[in-house]
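Engineer:
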Amino acid sequence: MKLRAPLLLLAAAILVAAPVGASRAASAGIRACLTDAAGNSGYTYAGHQATHRGHGVRATITAVRAPNVSAGHVAGWIGLGGPGQGAKGENLWIQAGLGSMPGMGTFVYAEIVRSGREPQFILLEENVEVGSSRRLAILEMSRRPERWRIWVNGKPVTSPVFLPGSAERWAPIATAESWNGGAAACNSFAYRFERVSVSHGRGGSWFAFRPGYRFHDANYRLRQLAAPPARDEARVLADGAAQGPAPYAFVATSS
Numbered sequence: 001m002k003l004r005a006p007l008l009l010l011a012a013a014i015l016v017a018a019p020v021g022a023s024r025a026a027s028a029g030i031r032a033c034l035t036d037a038a039g040n041s042g043y044t045y046a047g048h049q050a051t052h053r054g055h056g057v058r059a060t061i062t063a064v065r066a067p068n069v070s071a072g073h074v075a076g077w078i079g080l081g082g083p084g085q086g087a088k089g090e091n092l093w094i095q096a097g098l099g100s101m102p103g104m105g106t107f108v109y110a111e112i113v114r115s116g117r118e119p120q121f122i123l124l125e126e127n128v129e130v131g132s133s134r135r136l137a138i139l140e141m142s143r144r145p146e147r148w149r150i151w152v153n154g155k156p157v158t159s160p161v162f163l164p165g166s167a168e169r170w171a172p173i174a175t176a177e178s179w180n181g182g183a184a185a186c187n188s189f190a191y192r193f194e195r196v197s198v199s200h201g202r203g204g205s206w207f208a209f210r211p212g213y214r215f216h217d218a219n220y221r222l223r224q225l226a227a228p229p230a231r232d233e234a235r236v237l238a239d240g241a242a243q244g245p246a247p248y249a250f251v252a253t254s255s
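So for the sequence shown, my numbering puts the first residue at 1; every next one is plus one.
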């Protein structure tokens with residue numbers, strides 16, 4: 001899934017050139033980064049898609065160091081759907097996360113793509129400090145199938161979003177993302193994802209996220225911090241009930 005307009009328009013407006021004069025090792029890393037980006041319209045990823053479909057996804061996301069964005073953007077996000085993932089093959093998705101662009105600090109955003117409409121970008125919070133966490137959730141409403149809301153720190157921040165054909169259709173995603181803005185640039189990021197969970201029912205029935213497909217482009221690192229429980233039926237621990245990172249937890253970083 002990609003952060004498209006209006007976020008891309010905003011990114012293009014403040015695009016800056018990439019620095020030059022790197023060492024051989026850094027140059028090799030940049031070549032690997034650019035090779036992957038060139039094959040995916042400038043987008044690269046480090047994250048996971050769940051093994052099963054769900055009615056929602058949530059995670060506590062933290063930028064553990066300041067992003068360095070030369071061009072385009074970086075983000076750590078959760079979401080459902082994607083390009084061509086609608087019931088009729090149309091673009092359809094909903095996403096929320098932390099992001100950063102050149103000249104900006106970390107912000108909290110939501111992105112919604114409805115069938116036949118322009119993508120909607122919602123800026124929810126600016127100037128999030130490095131190391132400060134945000135609890136993000138996307139959840140299908142209990143008595144309103146195919147209608148979704150985005151939550152931040154336990155509070156709804158969007159009106160119900162109708163995404164036709166979306167009920168029980170998508171396996172949730174939790175990932176870091178970089179887009180190079182069409183420039184010869186590699187951005188850096190480090191996002192920690194904790195308590196990554198999937199709702200097995202509308203309205204919230206949370207179980208630990210079980211990683212299936214892995215997004216892992218060259219020169220990025222994925223490190224698991226806490227595996228999901230051994231038993232599928234194990235519910236997500238209540239807040240404060242775990243010692244250390246609560247499952248599912250991982251860190252996604254650029255090298």
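We put the beta carbon where it would ideally sit given N, CA and C, even for glycine.
Using the three-state DSSP reduction, which class does E118 fall into: helix, strand or coil?
Structural biologist: Here residue 118 refers to the residue found at position 118 when the sequence shown is read from its first residue. Here E118 sits in coil by DSSP.
Engineer: List, from N- to C-terminal side, the beta strand (DSSP E) runs of 3 residues or more that fit wholly inside the segment 127 to 157.
Structural biologist: 133 to 141, 144 to 152
Engineer: Report yes if the C-beta distance between T253 and A46 is below 9 Å; otherwise report no.
Structural biologist: Here residue 253 refers to the residue found at position 253 of the sequence shown. Here residue 46 refers to the residue found at position 46 of the sequence shown. Cβ atoms of T253 and A46: closer than 9 Å.
Engineer: Would you say A171 faces chain B, with C-beta separation under 9 Å as the test?
Structural biologist: Chain labels in this structure do not include chain B; a single protein chain is all it has.
Engineer: Please state if the CB of F209 and the CB of T175 are separated by a distance shorter than 9 Å.
Structural biologist: Position 175 of the sequence shown, counted from the start, is the residue given in the question as residue 175. Position 209 of the sequence shown, counted from the start, is the residue given in the question as residue 209. No, Cβ-Cβ distance for T175 and F209 is not below 9 Å.
Engineer: May I ask which residues mark the beginning and end of the beta strand (DSSP E) holding R221?
Structural biologist: Within the sequence shown, numbered from 1, the residue matching residue 221 stands at position 221. That run of the beta strand (DSSP E) goes 220 to 226.
Engineer: Alpha carbons only, please: which of W148, A190, A184 is nearest the one belonging to G54?
Structural biologist: As a first step, residue 54 must be located in the sequence shown, where it is residue number 54. The residue among W148, A190, A184 with its C-alpha nearest the C-alpha of G54 is W148.
Engineer: Since R258 and L163 should fall inside the 8 Å C-beta cutoff, what is the C-beta to C-beta distance between them, to a whole number of angstroms?
Structural biologist: The structure shown does not extend to residue 258, since the chain is modelled only from 1 to 255, so the question has no answer here.
Engineer: Which term fits E168, buried or exposed, when burial requires 16 or more other beta carbons within 10 angstroms of its beta carbon?
Structural biologist: Start at 1 with the first residue of the sequence shown, and residue 168 comes out as number 168. Exposed, because fewer than 16 other Cβ atoms sit within 10 Å of the Cβ of E168.
Engineer: When the Cα atoms are used, what is the spatial distance from M141 to A184?
Structural biologist: As a working mapping, residue 141 is identified with position 141 in the sequence shown. As a working mapping, residue 184 is identified with position 184 in the sequence shown. Going by the C-alpha atoms only, they are around 42 Å apart.
Engineer: A227: buried (16+ other C-beta within 10 angstroms of its C-beta) or exposed?
Structural biologist: Here residue 227 refers to the residue found at position 227 of the sequence shown. Result: exposed.
Engineer: State yes or no: is the C-beta of G105 within less than 9 Å of the C-beta of E177?
Structural biologist: As a working mapping, residue 105 is identified with position 105 in the sequence shown. As a working mapping, residue 177 is identified with position 177 in the sequence shown. At a Cβ-Cβ threshold of 9 Å, G105 and E177 do not count as neighbours.
Engineer: Rounded to whole angstroms, what's the CA-CA distance from E125 to K88? Just pull it up for me.
Structural biologist: Numbered from its first residue, the sequence shown carries residue 125 at position 125. Numbered from its first residue, the sequence shown carries residue 88 at position 88. Rounded to the nearest angstrom, the two C-alpha atoms are 34 Å apart.
Engineer: Give a yes or no on whether the C-beta atoms belonging to I78 and A137 are separated by under 9 Å.
Structural biologist: For this step, residue 78 is matched to residue 78 along the sequence shown. For this step, residue 137 is matched to residue 137 along the sequence shown. Yes.
Engineer: Within this structure, are the beta carbons of A190 and R58 separated by less than 9 Å?
Structural biologist: Taking the sequence shown and counting its residues from 1, one reaches residue 190 at position 190. Taking the sequence shown and counting its residues from 1, one reaches residue 58 at position 58. Contact flag unset, no.
Engineer: Using C-beta distances below 6 Å, list every residue in its chain close to Q224, excluding the 5 sequence neighbours before and after it, in chain order.
Structural biologist: Position 224 of the sequence shown, counted from the start, is the residue given in the question as residue 224. Taken in chain order, the residues that qualify are F250.
Engineer: Helix, strand or coil for S257 per DSSP?
Structural biologist: Past the boundaries of the shown model lies residue 257; the chain is included only from 1 to 255, so the question cannot be answered.
Engineer: According to DSSP, simplified to helix, strand and coil, what is T51?
Structural biologist: As a first step, residue 51 must be located in the sequence shown, where it is residue number 51. DSSP places T51 in coil when its eight states are reduced to three.
Engineer: If I follow the unbroken beta strand (DSSP E) through S199, where does it start and stop?
Structural biologist: Locating residue 199 in the sequence shown gives position 199, counting from the first residue. Unbroken beta strand (DSSP E) run through S199: 190 to 199.
Engineer: Can you give the Cα-Cα distance for A25 and S255, rounded to whole angstroms?
Structural biologist: Position 25 of the sequence shown, counted from the first residue, corresponds to residue 25. Position 255 of the sequence shown, counted from the first residue, corresponds to residue 255. Its pLDDT being 39, under 50, A25 is placed unreliably by the model, and nothing is read from it.
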